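> Everything in the sequence shown is counted per my numbering, starting at 4 for the first residue and increasing by one.
C-beta: ideal position from N, C-alpha, C; glycine also.
These numbers were taken from a predicted model, which means no experiment stands behind them.
This is the structure I have questions about; it appears just below.
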Amino acid sequence: MRYLTSGESHGPQLTAILEGVPAGLSLTAEDINADLARRQKGHGRGRRMQIEKDRVEIAGGVRHGKTLGSPIALIVENKDWKHWTKIMGAEPLEDMEDSEVKRQISRPRPGHADLNGAIKYGHRDMRNVLERSSARETTVRVAAGAVAKRILAECGIKIAGHVLEIGGIRSEHPSFESVDELIGRTEDSPVRCADEKAAVKMMEAIDEAKKNGDSIGGIVEVVAEGMPPGVGSYVHYDRKLDAKIAGAIMSINAFKGAEIGIGFEAGRLFGSEVHDEIAWDRERGYYRKTNRLGGLEGGMTTGMPIIARGVMKPIPTLYKPLQSVDIETKEPFSASIERSDSCAVPAAAVVAEAVVAWELAAAITEQFGQDRIDQIRENAENMRQRAREF
Ligand code: FMN
């Protein structure tokens, strides 16, 4: 499976084309809209999220509530487009006198793609860069992830993203028995955090940062349970599932690190404190007594829950301006803000859930047959059975 997205932040719409989604999968716009709404929640989001109430239109690949096996086209309109038709229109400009349209962005914001993108593509107007590099694009990545989650659900796999840390405040109760329990504890949290006390402190930290014209980042975690063992492979670098998951997390705007299981902490511990001992019983077959390595060994699933984490830097657009240089005058200036979130970590947990879901679903379909969901489901179950009897 693979997908491409297109669209600018203030263009008419965002589009995703999903290829390789198996036929026979139940899929409705509501399945996707539920996740789009989850992405828009969270304490610390700015005004844009109030303007955009994202809804998907399925424009190809689905008929009467079932996927056809053909490419799926997903469209999310930008409600704000009506105010940007001139500035962001695709047609050549006739009225070059319009001062608003002529106004070019020549001041790159630190921490954004603005300057590097302008140098790379030769854009003197950096709007050409920031419109696409904006995290607005994660909307359709969440839509693609919602489709992937339908594949996972058919195969008995549950997945959820949640927040472990914001601005240095950590969730003190990160342990939970199941993904369902995790969802129950985080879904109504304004910061998508399982620890209610920490959540209150996180919100205070977000408010404090906002008051100071600053921003804060944090750490998110994605947990997926029910993956059959042996998905992914050790035989080639580009078939290792842990690498694909890490790459997907790192591809989210503002993410600066990814880890599987205890991740970087493993470098501070003895081997005996890190590795998960193998056990067997008649009912479960093989299992690990602990799950510090996050359900992945040798680039393959172990059958234990997948645990993947990512760190998001503080949002770079600050009300407290940072120094930059105007590319036309070469004069220094203080980067002023457009409207911005002060913390988007709760939303980023939903994006992380989506991109990991995509990688898991892609690995499942690659391994268990790409054409029909019923066959994939059956093959995945056979794999679980074979592993139990091995
Ligand atoms: N950056 C901003 O400056 N303002 C925002 O409102 C904003 N919202 C974001 C929302 C989400 C869900 C995510 C994942 C990121 C957001 N970002 C925001 C981060 C930037 O998009 C990101 O830092 C920028 O594209 C540069 O990419 P890089 O940080 O990966 O190098």
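1. For the alpha helix (DSSP H) containing D377, list its first residue and its last residue.
2. Should Y6 go down as buried or exposed, given a rule of 16 or more other Cβ atoms within 10 Å for buried?
3. If we require 4 or more residues per run, which alpha helix (DSSP H) segments fall completely within the stretch 10-43?
4. Classify R242 as helix, strand or coil using the three-state DSSP reduction.
5. So V166 packs on C196, CB below 8 Å; how close in whole Å?
6. Would you identify the three-state DSSP class for D116, choosing helix, strand or coil?
7. Would you say the beta carbon of D344 is closer than 6 Å to some non-hydrogen atom of the ligand FMN?
8. Would you say the stretch 257-266 touches the stretch 195-214, given that touching needs at least three Cβ pairs under 8 Å?
9. Helix, strand or coil, according to DSSP, for Q326 in the structure here?
10. Report yes or no: do the stretch 350-360 and the stretch 11-23 share at least 3 C-beta pairs separated by less than 8 Å?
11. Are at least three pairs of beta-carbons, each pair with one atom in the stretch 371-379 and one in the stretch 171-184, less than 8 Å apart?
12. Tell me which residues share the same chain as V395 and place their Cβ nearer than 7 Å to its Cβ, disregarding the 5 neighbours each side in the sequence.
13. If V59 and I90 are in contact, beta carbons under 8 Å, what's the gap, nearest whole angstrom?
14. In the DSSP assignment, the beta strand (DSSP E) including I310 goes from what residue to what residue?
15. Taking the beta strand (DSSP E) that A338 falls in, what are its first and last residues?
16. Is the stretch 56-70 close to the stretch 78-93, with three or more CB pairs under 8 Å?
17. For M303, name the three-state secondary structure that DSSP assigns.
18. Between N119 and G68, what straight-line distance do the alpha-carbon atoms span, to the nearest angstrom?
19. On the DSSP bridge list, what partners appear for D284?
20. Could you tell me the alpha carbon to alpha carbon distance between T189 and K123, rounded to whole angstroms?
21. Restricting to runs no shorter than 4 residues, where is the alpha helix (DSSP H) found entirely within the stretch 144-196?
22. Could you tell me whether any non-hydrogen atom of the ligand FMN is closer than 6 Å to the CB of S136?
Quick answer:
1. That run of the alpha helix (DSSP H) goes I376 to E392.
2. By the neighbour-count rule (16 or more Cβ atoms within 10 Å), Y6 is buried.
3. DSSP runs (the alpha helix (DSSP H)) wholly in the stretch 10-43: 32-43.
4. R242 falls in the helix class under three-state DSSP.
5. About 5 Å separates the beta carbon of V166 from that of C196, a gap short enough to meet the 8 Å contact definition.
6. Before going further, note that residue 116 is Ala rather than Asp in the sequence given. Residue state for A116 is assigned as coil, using DSSP reduced to three classes.
7. Because some heavy atom of the ligand FMN lies under 6 Å away, the Cβ of D344 counts as near it: yes.
8. No, they do not touch.
9. Collapsing the DSSP output to three states places Q326 in a strand.
10. With the cut-off at 8 Å, the stretch 350-360 and the stretch 11-23 do not touch.
11. No contact exists between the stretch 371-379 and the stretch 171-184.
12. What the structure shows of the chain is the stretch from 4 to 393, and residue 395 is not part of that stretch, so it cannot be assessed.
13. In fact, because the Cβ distance is near 25 Å, the residues do not count as touching under 8 Å.
14. Per DSSP, the unbroken beta strand (DSSP E) holding I310 starts and ends at I309 to M315.
15. Note, A338: beta strand (DSSP E), P335 to A338.
16. They touch, by the three-pair rule.
17. Note: M303 maps to strand in three-state DSSP.
18. So the alpha carbons of these two residues sit roughly 43 Å apart.
19. D284 is bridged to G288.
20. When rounded, the distance between both Cα atoms is 41 Å.
21. As for any alpha helix (DSSP H) of minimum length 4 sitting wholly inside the stretch 144-196, the runs are 182-189, ordered along the chain.
22. With a cutoff of 6 Å, S136 counts as near the ligand FMN, since its C-beta is closer than that to a heavy atom of the ligand.
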